[in-house]
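>
Residue numbers (my numbering), protein chains in the order written: chain A, 196 to 372; chain B, 3 to 137.
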């Protein structure tokens, strides 16, 4: 009889365990950042036309030319992208070549965006159908990749670059040399 | 006057979209002419997770990125790729998380095995009752 009483508590305990699981999910929701599965792998083949007149486009061949690169995926319609031009310029000042992939952009919007917020880019490729972004495993804008001189993806930064992110990005670039 | 101004302000205000100004991708919302290819593409889209609206499949999501992924899937199906090849490509980019159709492998045994285990546990729970009925 005593044993049976203990068994009767099991549904209540199971119920409380479920409630605890739901409470954890509600109060500390999973902020799921999607890490690219391409880190450590070769940059996929691509060749993007120039997004602006008078500035080179970007191809996977450029990224394998022996020197590491920083590739910033951005767009003029992306609000957080406005804030990181200063940080990208700082990275460029430290000798890191900054290349851009402009996602679904129009040349006139892009020119206005760069004129207003700053222009740290050496080259900008136009990814109008988003194929390059998808093939890099990038889930949004802005994102920043460090690619070593052999074209292997070494580092991914998700979201706008803050001042506090600069050391990690510089370290990833130095490690990719 | 103030009310009229407020009404006007609401009418002319536009929401800040996190989308581009370019039109949707060519095959984002356009079915393939071949119904068999379209069926294969649709079935695949329903099991690929949208990376923007992370609880939805790309077939259900209105995010621009989901449209671009749908267009890419239709283009590839049309070019003769199989849904399994395209799924493997997506997984190689975004990880297994992007697929709603988990493969059967050691890591996912609990997922596939749990229904069987629960059924056995249920049978074990009611075994006493079955015996009583027989008597």
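A virtual CB, placed ideally from N, CA and C, is assigned to each residue, including glycine.
Here the structure is a predicted model, which means the values were calculated and not measured.
Distance cutoff 9 angstroms, beta carbons only. Does residue 325 of chain A sit that close to anything in chain B?
Counting from one through the first chain, the residue named residue 325 of chain A turns up at place 130. By this cut-off, residue 325 of chain A is an interface position.
> I'd like to know if residue 335 of chain A contacts chain B, where contact means its C-beta is closer than 9 angstroms to some C-beta of that chain.
Walking along the first chain from the start, residue 335 of chain A turns up at place 140. Chain B, which has a Cβ nearer than 9 angstroms to the Cβ of residue 335 of chain A, makes this yes.
> Residues in the same chain with beta-carbon distance under 7 angstroms from residue 75 of chain B, minus the five sequence neighbours each way, listed in chain order, please.
Residue numbering aside, residue 75 of chain B sits at position 73 when the second chain is read from its first letter. Closer than 7 angstroms at the Cβ level, and outside the excluded window around residue 75 of chain B, lie 43, 46, 47, 88.
> Cutting at 7 angstroms between CB atoms, please list the residues of its own chain near residue 80 of chain B, excluding the five before and the five after it.
Against the second chain, residue 80 of chain B aligns to sequence position 78. Only 34, 39 meet the Cβ criterion.
> Taking only runs of the alpha helix (DSSP H) that begin and end inside the region 47-134 of chain B, which ones reach a length of at least 4 residues, in chain order?
Runs of the alpha helix (DSSP H) inside the region 47-134 of chain B: 66-80, 85-96.
> Assign residue 211 of chain A to buried or exposed, taking buried as 16 or more other Cβ atoms, counted over all protein chains shown, within 10 Å of its Cβ.
In the first chain, counting from the first residue as 1, residue 211 of chain A sits at position 16. Classification of residue 211 of chain A: exposed, given that the 10 Å Cβ count is below 16.
> Looking only at C-alpha atoms, which of B:96, B:69, B:10 sits nearest to residue 332 of chain A?
For the purposes of this step, residue 332 of chain A is identified with residue 137 of the first chain, where counting begins at 1. Selected option, being the one with the closest Cα: B:96.
> Helix, strand or coil for residue 256 of chain A? Go by DSSP, reduced to three states.
The residue you call residue 256 of chain A lines up with position 61 of the first chain. Note: residue 256 of chain A maps to helix in three-state DSSP.
> Drop a sphere of 10 angstroms on the beta-carbon of residue 323 of chain A, count the other beta-carbons inside from all chains shown, and report buried for 16 or more, exposed for fewer.
Along the first chain, read from residue 1 onward, the residue named residue 323 of chain A stands at position 128. Label assigned to residue 323 of chain A: buried.
> Which residues of chain B have a Cβ atom closer than 7 angstroms to the Cβ of residue 360 of chain A, listed in chain order?
As a position in the first chain, residue 360 of chain A is number 165, starting the count at 1. Under the 7 angstroms cutoff, chain B gives no residues; its nearest Cβ is about 21 angstroms from residue 360 of chain A.
> Any beta-carbon of chain B closer than 9 angstroms to the one on residue 204 of chain A?
Residue numbering aside, residue 204 of chain A sits at position 9 when the first chain is read from its first letter. So, not an interface residue.
> Going by the beta-carbon positions, is the gap between residue 70 of chain B and residue 329 of chain A smaller than 9 angstroms?
Within the second chain, residue 70 of chain B is the residue found at index 68, counting from 1. Within the first chain, residue 329 of chain A is the residue found at index 134, counting from 1. It is a contact, given that the beta carbons lie within the stated cut-off.
> Just to confirm, are residue 291 of chain A and residue 368 of chain A a CB contact at a threshold of 9 angstroms?
Within the first chain, numbered from 1, the residue matching residue 291 of chain A stands at position 96. Within the first chain, numbered from 1, the residue matching residue 368 of chain A stands at position 173. Yes, the pair counts as a contact, with Cβ atoms nearer than the cut-off.
> Strictly below 8 angstroms CB to CB, what residues from chain A border residue 96 of chain B?
Indexing the second chain from 1 puts residue 96 of chain B at position 94. Within chain A, the residues near residue 96 of chain B are 229, 231, 232, 332, 334.
> Can residue 270 of chain A and residue 336 of chain A be called in contact, C-beta distance under 9 angstroms?
Locating residue 270 of chain A in the first chain gives position 75, counting from the first residue. Locating residue 336 of chain A in the first chain gives position 141, counting from the first residue. Yes, the Cβ-Cβ distance between residue 270 of chain A and residue 336 of chain A is below 9 angstroms.
> Is there a C-beta anywhere in chain A that falls below 9 angstroms from the one on residue 56 of chain B?
In the second chain, the residue the question calls residue 56 of chain B occupies position 54. Yes - at least one Cβ of chain A is within 9 angstroms of the one on residue 56 of chain B.
> In terms of DSSP beta bridges, what is residue 31 of chain B paired with?
Residue 31 of chain B sits at position 29 when you count from the first residue of the second chain. Answer is none; residue 31 of chain B lacks a bridge partner.
> Within a Cβ cutoff of 8 angstroms, which residues of the same chain sit near residue 235 of chain A, ignoring the five residues on either side of it in sequence?
Residue 235 of chain A sits at position 40 when you count from the first residue of the first chain. Only 347, 348, 349 meet the Cβ criterion.
> Are the C-beta of residue 329 of chain A and some C-beta of chain B separated by less than 9 angstroms?
Along the first chain, read from residue 1 onward, the residue named residue 329 of chain A stands at position 134. True, the Cβ-Cβ gap to chain B drops below 9 angstroms.
> Can you give me the Cβ contacts of residue 264 of chain A inside the same chain, cut-off strictly under 6 angstroms, excluding the 5 residues immediately before and after it?
Mapped onto the first chain, residue 264 of chain A falls at position 69. So the list reads 258, 292, 294, 342, once near-sequence residues are dropped.
> Exposed or buried, which one is residue 220 of chain A when buried takes at least 16 other CB atoms within 10 Å?
Here the question's residue 220 of chain A lines up with position 25 in the first chain. Residue 220 of chain A is exposed by the Cβ-count criterion.
> If you follow the beta strand (DSSP E) that residue 14 of chain B is in, where does it begin and where does it stop?
Position 12 of the second chain, counting from 1, holds the residue named residue 14 of chain B. Unbroken run through residue 14 of chain B is the alpha helix (DSSP H), 4-14; no beta strand (DSSP E).
> Which value, in whole angstroms, describes the spacing of the CA atoms of residue 125 of chain B and residue 32 of chain B?
Taking the first residue of the second chain as position 1, residue 125 of chain B is located at position 123. Taking the first residue of the second chain as position 1, residue 32 of chain B is located at position 30. Whole-angstrom Cα-Cα distance: 50 angstroms.
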